[in-house]
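Colleague: Here the protein sequences come in this chain order: A, B and C. Counting from 12, one number per residue, gives the positions in the first sequence under the working numbering. Counting from 24, one number per residue, gives the positions in the second sequence under the working numbering. Counting from 216, one number per residue, gives the positions in the third sequence under the working numbering. Every residue gets a Cβ at the ideal spot worked out from N, C-alpha and C, and that includes glycine. Mind having a look at this structure? Questions to follow.
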Amino acid sequence: MTDETVISAKSLDLTFQTDDGPVHALKDVNLDITKGDFISFIGPSGCGKTTFLRVMADLDQPTDGTITINGVSPKAARESRAYGYVFQSAGLYPWRTIGKNIRLPLEIMGISKSEQKERVEKVLKLVELEDFEKKFPWQLSGGMQQRASIARALAFDADILLMDEPFGALDEIVRDYLNEQLLKLWHSTEKTICFVTHSIPEAVYLSTKIVVMSPRPGRIIDIIESDLPDKRPLEIRDTKEFIDIAQRVREGLRAGHSYE
Amino acid sequence: MNSFFLISIIFWIAAWIINIFIGQSALTKTKMVLPPILFGVSLLLVWEASISAFDVSPVILPAPSLVFVKLISSVPILWVDFVQTFVKGALSGYIFGCSAAFVVALLADRFKFLERGLLPIGTFMAALPIIGTAPILVRWFGFDWESKSAVVTVMVFFPMLINTIQGLQMSDKIHRDLMQTYNATSFQTLIKLRLAAAMPFIFNGLKICSTLALIGAIVAEFFGSPIKGIGFRISTEVGRFALDMVWAEITIAAITGSLFYGGIVLLEKVVTFWHPSQRGRSE
Amino acid sequence: MNKAVLPVITISTFIVLIWYSFSIVLNSSWALDKAERNGQKLSFSELVHDTWSQKKPKLPTPHQVGYEMYKTIFDKKVTSKRSLVYHGWITLSATLAGFMLGTLLGILLALAIVHDKATDLSVMPWIITSQTIPILALAPMIIVVLSSIGFTGLLPKAVISMYLSFFPIVVGMVKGLRSPDLLEIDQMKTWSASRFQILIKLRLPKSIPFLFTSLKLGMAASLVGAIVGELPSGAIAGLGARMLSGSYYGQTIQIWSALFTAAILAASLVGLISIIQAFVFKRMMVVQ
Numbered sequence: 012m013t014d015e016t017v018i019s020a021k022s023l024d025l026t027f028q029t030d031d032g033p034v035h036a037l038k039d040v041n042l043d044i045t046k047g048d049f050i051s052f053i054g055p056s057g058c059g060k061t062t063f064l065r066v067m068a069d070l071d072q073p074t075d076g077t078i079t080i081n082g083v084s085p086k087a088a089r090e091s092r093a094y095g096y097v098f099q100s101a102g103l104y105p106w107r108t109i110g111k112n113i114r115l116p117l118e119i120m121g122i123s124k125s126e127q128k129e130r131v132e133k134v135l136k137l138v139e140l141e142d143f144e145k146k147f148p149w150q151l152s153g154g155m156q157q158r159a160s161i162a163r164a165l166a167f168d169a170d171i172l173l174m175d176e177p178f179g180a181l182d183e184i185v186r187d188y189l190n191e192q193l194l195k196l197w198h199s200t201e202k203t204i205c206f207v208t209h210s211i212p213e214a215v216y217l218s219t220k221i222v223v224m225s226p227r228p229g230r231i232i233d234i235i236e237s238d239l240p241d242k243r244p245l246e247i248r249d250t251k252e253f254i255d256i257a258q259r260v261r262e263g264l265r266a267g268h269s270y271e
Numbered sequence: 024m025n026s027f028f029l030i031s032i033i034f035w036i037a038a039w040i041i042n043i044f045i046g047q048s049a050l051t052k053t054k055m056v057l058p059p060i061l062f063g064v065s066l067l068l069v070w071e072a073s074i075s076a077f078d079v080s081p082v083i084l085p086a087p088s089l090v091f092v093k094l095i096s097s098v099p100i101l102w103v104d105f106v107q108t109f110v111k112g113a114l115s116g117y118i119f120g121c122s123a124a125f126v127v128a129l130l131a132d133r134f135k136f137l138e139r140g141l142l143p144i145g146t147f148m149a150a151l152p153i154i155g156t157a158p159i160l161v162r163w164f165g166f167d168w169e170s171k172s173a174v175v176t177v178m179v180f181f182p183m184l185i186n187t188i189q190g191l192q193m194s195d196k197i198h199r200d201l202m203q204t205y206n207a208t209s210f211q212t213l214i215k216l217r218l219a220a221a222m223p224f225i226f227n228g229l230k231i232c233s234t235l236a237l238i239g240a241i242v243a244e245f246f247g248s249p250i251k252g253i254g255f256r257i258s259t260e261v262g263r264f265a266l267d268m269v270w271a272e273i274t275i276a277a278i279t280g281s282l283f284y285g286g287i288v289l290l291e292k293v294v295t296f297w298h299p300s301q302r303g304r305s306e
Numbered sequence: 216m217n218k219a220v221l222p223v224i225t226i227s228t229f230i231v232l233i234w235y236s237f238s239i240v241l242n243s244s245w246a247l248d249k250a251e252r253n254g255q256k257l258s259f260s261e262l263v264h265d266t267w268s269q270k271k272p273k274l275p276t277p278h279q280v281g282y283e284m285y286k287t288i289f290d291k292k293v294t295s296k297r298s299l300v301y302h303g304w305i306t307l308s309a310t311l312a313g314f315m316l317g318t319l320l321g322i323l324l325a326l327a328i329v330h331d332k333a334t335d336l337s338v339m340p341w342i343i344t345s346q347t348i349p350i351l352a353l354a355p356m357i358i359v360v361l362s363s364i365g366f367t368g369l370l371p372k373a374v375i376s377m378y379l380s381f382f383p384i385v386v387g388m389v390k391g392l393r394s395p396d397l398l399e400i401d402q403m404k405t406w407s408a409s410r411f412q413i414l415i416k417l418r419l420p421k422s423i424p425f426l427f428t429s430l431k432l433g434m435a436a437s438l439v440g441a442i443v444g445e446l447p448s449g450a451i452a453g454l455g456a457r458m459l460s461g462s463y464y465g466q467t468i469q470i471w472s473a474l475f476t477a478a479i480l481a482a483s484l485v486g487l488i489s490i491i492q493a494f495v496f497k498r499m500m501v502v503q
């Protein structure tokens with residue numbers, strides 16, 4: 012792991028006006044993300060975790076402060092296709108097969124048909140969906156659709172992956188399996204992953220760094236460096252080290268009045 | 024009482040009882056075809072029997088058998104009328120009006136100012152009795168099929184316009200955000216996402232307009248027509264009390280309307296195969 | 216709602232401007248012919264003035280139509296045969312009579328379809344098919360047949376309006392009565408609700424939005440039915456009759472003013488239903 016900073020936010024603010032007065036979705040957020048990190052953002056609704064992800068993706072614009080991705084503005088980063096985005100729901104187009112869905116970003120980027128075919132096969136293998144290339148999204152289960160969505164985000168080889176509660180709508184057993192898969196993927200591709208969740212075990216299991224946030228105004232309460240080993244079987248969730256980190260996360264959430 | 028009439032009543036009752044039984048049993052696609060057919064046939068039988076039983080004059084209501092005979096023997100005339108009204112009048116107006124509406128909807132989608140103005144105006148216009156423009160359009164385009172085509176064009180334009188505009192607004196935010204993360208141009212987003220997502224609405228508009236097109240062409244002929252056309256034939260034969268011919272023409276119009284609509288439904292199944300309503304998931 | 220005001224006004228103004236220019240274009244040939252026969256040459260402003268004030272123009276201008284409407288609505292006695300109020304009322308009365316009957320029968324049939332399987336299976340396919348059939352083509356026949364057995368005037372037109380509004384109401388009400396999902400009906404059953412109670416407390420309230428959509432469609436269809444019903448009887452009374460007689464005698468301004476009156480009538484009727492709808496939705500806390 013090199014010590015190169017890929018994402019840097021300084022005094023980031025995002026305030027928007029509503030009928031009930033201004034809402035501080037993000038206030039004075041300072042964060043540096045190193046290349047190859049797996050960062051989880053955790054907090055209750057309204058703490059700004061999704062907003063921060065969307066600002067990184069240039070889907071929302073900050074009202075104050077600076078943020079750079081790979082040294083350039085989010086807009087420039089988006090235009091140079093520096094990241095892949097995975098939404099809460101798979102967002103696959105029902106009129107395209109799984110294979111065609113994965114091709115979508117590649118078509119838009121003007122990648123050649125032969126290269127497209129290669130990449131689709133590669134990412135389908137990574138998420139273990141090789142047999143489903145010709146199927147339609149509604150023929151797949153929720154978990155499989157999310158895997159396809161992740162495959163689509165991996166297809167154009169961006170170094171950064173932004174994931175917004177991708178497993179939130181799935182049951183816990185599927186979730187555990189996908190957590191394992193995601194970690195395996197991260198190891199083999201060495202991408203920088205920013206992951207939003209509201210599950211403490213998920214955050215601790217997956218990350219090298221955990222950012223605890225709290226609402227009103229949306230801000231960072233604590234940044235926890237995880238000292239868990241790189242290779243993590245699911246059973247690691249019952250070890251003392253894991254529980255200690257989870258406890259620290261919980262304390263951060265309590266300090267941010269998340270349980271009130 | 025006339026024994027035929029009695030038989031037809033008994034048939035009706037029997038058919039109804041059969042339908043009740045079918046209704047209470049486990050339904051399959053093939054079973055569901057039977058009740059409407061039984062109902063229709065029993066209706067025709069009672070109609071036929073009542074005419075002779077109650078001695079109804081054919082200038083009030085002709086018997087189905089009379090209509091059928093007239094239909095078979097008048098195929099050349101019916102064909103000429105069909106071509107005049109449907110092919111020349113309704114179909115041309117339908118194609119022209121729907122295409123024009125589609126293009127304007129795309130423009131409105133590109134220029135939001137236009138969209139905000141056209142949507143209320145279009146909804147307003149779609150509720151108006153546009154058929155009333157028929158005499159005006161006959162004055163401009165003459166008696167022949169061109170004026171009927173013009174009436175149909177105006178009639179289908181507004182419903183198609185508002186359906187297409189609504190369809191283009193239909194894509195989910197998540198799909199559009201996704202396009203933004205790919206830095207797709209608005210043209211790419213239009214072609215790859217929004218047009219496909221708009222198809223259910225576009226077909227809804229096409230179906231509604233298919234009915235309007237045929238009605239428009241026929242009724243426009245009531246306002247003036249050369250000596251051919253379904254509407255023309257109906258109004259003149261009504262004047263001569265040749266109701267069997269009128270019913271024959273109406274039958275042709277009904278068959279045309281159903282086939283036209285049915286054709287669009289088939290096309291819809293192919294294009295929007297992915298939509299929940301086509302997959303039988305929702306009611 | 217406010218965001219639409221400026222675009223609507225702009226586009227409407229634009230349409231009016233285009234209309235005036237088209238009047239010049241379409242009426243110019245007649246004006247130029249007349250001038251040629253009189254050995255005159257017309258300047259542009261004279262041409263414009265002429266094309267905007269002809270007696271039987273190919274395209275009357277907005278102000279000509281407006282003036283004619285004003286004259287025949289406000290300046291004529293309501294009982295006069297030239298009054299648009301008189302003709303409007305003839306058409307309106309047939310429309311309303313047919314509409315109310317069609318709505319009543321439509322709701323009754325919808326109730327039967329939803330509660331009786333045999334009716335559903337045998338009749339509903341025909342109702343749906345009827346939407347693809349140009350029913351309006353039956354209008355001349357209905358008029359003539361009914362008048363030959365002695366029913367003239369309002370009744371035949373009301374019959375046409377009735378069956379034109381009947382079908383959308385049936386389709387809409389069936390959709391609405393069937394709109395509660397399985398969960399909601401099961402819940403009713405756990406409370407041992409009878410079919411009648413489920414109807415009154417669940418199906419009917421849930422069908423109200425569908426009903427209003429169908430009412431608007433049915434109302435517009437009824438009006439068209441009443442207008443078309445006036446054509447075969449020789450064009451004596453009603454807005455449709457005015458349009459037809461206008462086209463026989465080349466009185467284009469008369470056609471346009473009758474058409475616009477019909478349009479205003481349609482918009483008012485549908486608008487009235489929308490107002491009632493907004494009121495009902497508010498009371499029922501329906502979120503659309």
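Per DSSP, what kind of secondary structure is A/C58 in: helix, strand or coil?
Modeller: coil
Colleague: Extract the residue ranges of the alpha helix (DSSP H) inside the segment 82-164 of chain B, only unbroken runs of 4 or more that lie entirely within it.
Modeller: 87-96, 98-105, 115-133, 135-149, 157-164
Colleague: I'd like to confirm the pairing. Which residues does DSSP put opposite A/L28 in its beta bridges?
Modeller: Strictly speaking, residue 28 of chain A in this sequence is Gln, with Leu absent from that position. Note: A/Q28 sits in a beta bridge opposite A/P33.
Colleague: For B/W39 and chain C, any beta-carbon pair shorter than 8 Å?
Modeller: yes
Colleague: Based on Cα-Cα distance, which residue from C/Q469, C/P424, C/S437, C/L430 lies nearest to C/K497?
Modeller: C/P424
Colleague: Using the Cα positions of C/A493 and C/A481, report the straight-line distance between them to the nearest angstrom.
Modeller: 18 Å
Colleague: Going by C-alpha to C-alpha distance, which of A/A164, A/V207, A/D170 sits closest to A/E176?
Modeller: A/V207
Colleague: What are the start and end residues of the alpha helix (DSSP H) that includes C/Y301?
Modeller: 299-330
Colleague: Given that A/S100 touches chain B, what residues does it touch there, using C-beta distances under 8 Å?
Modeller: I197
Colleague: Would you mind sorting B/P158 into buried or exposed? The rule is 16 or more other CB atoms within 10 Å of its CB.
Modeller: buried
Colleague: Should C/K249 go down as buried or exposed, given a rule of 16 or more other Cβ atoms within 10 Å for buried?
Modeller: exposed
Colleague: Taking 8 Å as the threshold (beta carbon to beta carbon), is B/R304 in contact with chain C?
Modeller: Low confidence applies to B/R304: its pLDDT is 46, below 50, so where it sits in the model is not reliable, and the reading given next is rough at best. Output row for B/R304: interface = no.
Colleague: For A/Y104, decide whether its Cβ has a neighbour in chain B, counting only Cβ atoms nearer than 8 Å.
Modeller: yes
Colleague: If we cut at 8 Å on Cβ distances, does B/W35 have a partner in chain C?
Modeller: By this cut-off, B/W35 is not an interface position.
Colleague: Going by the beta-carbon positions, is the gap between A/I78 and A/V66 smaller than 8 Å?
Modeller: yes
Colleague: Along the chain, where does the alpha helix (DSSP H) containing A/E118 start, and where does it finish?
Modeller: A/E118 -> alpha helix (DSSP H) spans 109-119.
Colleague: Do the CB positions of C/A373 and C/G433 come within less than 8 Å of each other?
Modeller: no
Colleague: Identify the contact partners of C/W267 in chain B, using a Cβ-Cβ distance below 7 Å as the criterion.
Modeller: Residues of chain B passing the Cβ test: none, with the nearest at roughly 17 Å.
Colleague: Residues of chain B with CB closer than 8 Å to the CB of C/A471, please, in chain order.
Modeller: At residue 471 of chain C the sequence reads Trp, which differs from the Ala that was named. By Cβ distance, chain B contributes I159.
Colleague: I think C/I364 touches B/I273, with their Cβ atoms under 8 Å apart; what is that distance to the nearest whole Å?
Modeller: Actually they are not in contact, since the Cβ atoms of C/I364 and B/I273 sit about 20 Å apart, beyond 8 Å.
Colleague: Starting from A/D233, follow its DSSP beta bridges and name the residues at the other end.
Modeller: A/V223
Colleague: Do you know whose CA, among A/D43, A/S19, A/A20, A/K60, lies nearest A/R227's CA?
Modeller: A/K60
Colleague: What did DSSP end up calling B/I250 once you bin it into helix, strand or coil?
Modeller: Note: B/I250 maps to coil in three-state DSSP.
Colleague: Give me, in chain order, the residues of the same chain whose beta-carbon lies closer than 7 Å to that of C/L274; leave out the 5 immediate sequence neighbours on both sides.
Modeller: Around C/L274, the same chain offers F237, S238, L241, N242 as residues with beta carbons nearer than 7 Å, after the five sequence neighbours per side are excluded.
Colleague: Is DSSP giving A/Y270 helix, strand or coil here?
Modeller: coil
Colleague: Excluding the 5 residues flanking C/P355 on each side, which residues of the same chain have their C-beta closer than 8 Å to its C-beta?
Modeller: Cβ neighbours of C/P355 within its own chain (closer than 8 Å, five residues either side excluded): L446, P447.
Colleague: Which residue from A/S125, A/T45, A/A68 puts its Cα closest to that of A/M174?
Modeller: A/A68
Colleague: Less than 8 Å between the beta carbons of A/N112 and A/P148, yes or no?
Modeller: Yes; because the gap between Cβ atoms is below 8 Å, this pair is in contact.
Colleague: For a test of the three-state rule: what should DSSP assign to C/Y285, helix, strand or coil?
Modeller: helix
Colleague: Select from B/V177, B/A265, B/I144 the residue whose C-alpha is nearest the C-alpha of B/L160.
Modeller: Residue B/V177 is the option with its Cα nearest to B/L160.
Colleague: Tell me, please, whether the CB atom of A/F63 is closer than 8 Å to any CB atom in chain B?
Modeller: no
Colleague: Using a Cβ-Cβ cut-off of 6 Å (strictly less than) and excluding sequence neighbours within five positions of A/A266, which residues of its own chain qualify?
Modeller: I232
Colleague: Just to confirm, are A/G102 and A/S160 a CB contact at a threshold of 8 Å?
Modeller: yes
Colleague: Could you name the residues of chain C that B/N25 contacts, counting a contact when the two beta carbons are closer than 7 Å?
Modeller: Under the 7 Å cutoff, chain C gives no residues; its nearest Cβ is about 22 Å from B/N25.
Colleague: In angstroms with no decimal places, state the Cα-to-Cα distance between A/K251 and A/A257.
Modeller: 10 Å
Colleague: For the segment 60-77 of chain B, which residues have a beta carbon sitting closer than 8 Å to at least one beta carbon of chain C?
Modeller: L61, F62, G63
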